[in-house]
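Let me begin by presenting the structure, written as C-alpha cells, before commenting on it.
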Amino acid sequence: MKRRVPLPVRDDQFFWDGVAQGEIRLQRCAGCGKLRHPPGPICPWCHSLEVRIERASGRGTVYSYVIPRHTAIESDGDPVIVALIELEEGARLVSNLCGVAPDRVRNGMAVEVFFTEFEDGVRLHQFRPMEGSA
Ligand SMILES: [Zn+2]
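The opening position of the sequence shown corresponds to residue 1 in the working numbering, with each subsequent residue numbered one higher.
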C-alpha cells in the first residue's frame, strides 16, 4: 500500500524520529509537567519553552473512528479504518487500525501500536487490537 510521506516540521521532528526508531514519543512540559500535545514550541499553560521527550507505552483505546470511502485511499481491497487513538498517557493520535473487521471496532477497544514499512521506505505507526480485545 502506498502512503504519503510524513513531512516533519521542527515541532514534531522528535515524533517522526521516534517512529523511525519504532516508538511513540510525546512532548511533556518541563515547566509544569503537563503533556504538550499536539506538540508545540511553548506550553499553553505555563508558557515554558522547556520540554522533555518521553516514550509512550504504545497502548491505548479507540476514542473514535471512521471508515473513509474515497478512491484516493488505496487499500488493496481491504477497508481502511482511520481511528483516533487515546494513548494511556492521555494524548490522542490519528492512525490506522488494523487486524480487526470494521464491524468489530468499538470505541473504548484496547489497542497497541506496531510499525509498518510501506513503499518508498515510509515507516508509519499503526494500531491493532490488544490480545483478547477484538
Ligand atoms: Zn507548562
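Ideal Cβ positions, reconstructed from N, Cα and C, are used throughout, including at glycine. All of these numbers come straight from a predicted model, not from anything done at the bench.
- Residue burial annotation: residue 113 is buried, with at least 16 other C-beta atoms found within 10 angstroms of its C-beta.
- Look at residue 31: its beta carbon is less than 7 Å from one of the heavy atoms in ligand 1.
- For a cut-off of 8 Å, the C-beta gap from residue 126 to residue 107 is around 18 Å, too long to register as a contact.
- Residue range 13-20 is occupied by the alpha helix (DSSP H) that includes residue 20.
- Inclusion of residue 25 and residue 54 in the CB contact set at 8 Å is warranted, their separation being smaller than that value.
- Look at residue 129 here: in three-state DSSP terms it is strand.
- Of the heavy atoms belonging to ligand 1, at least one sits nearer than 7 Å to the Cβ of residue 43.
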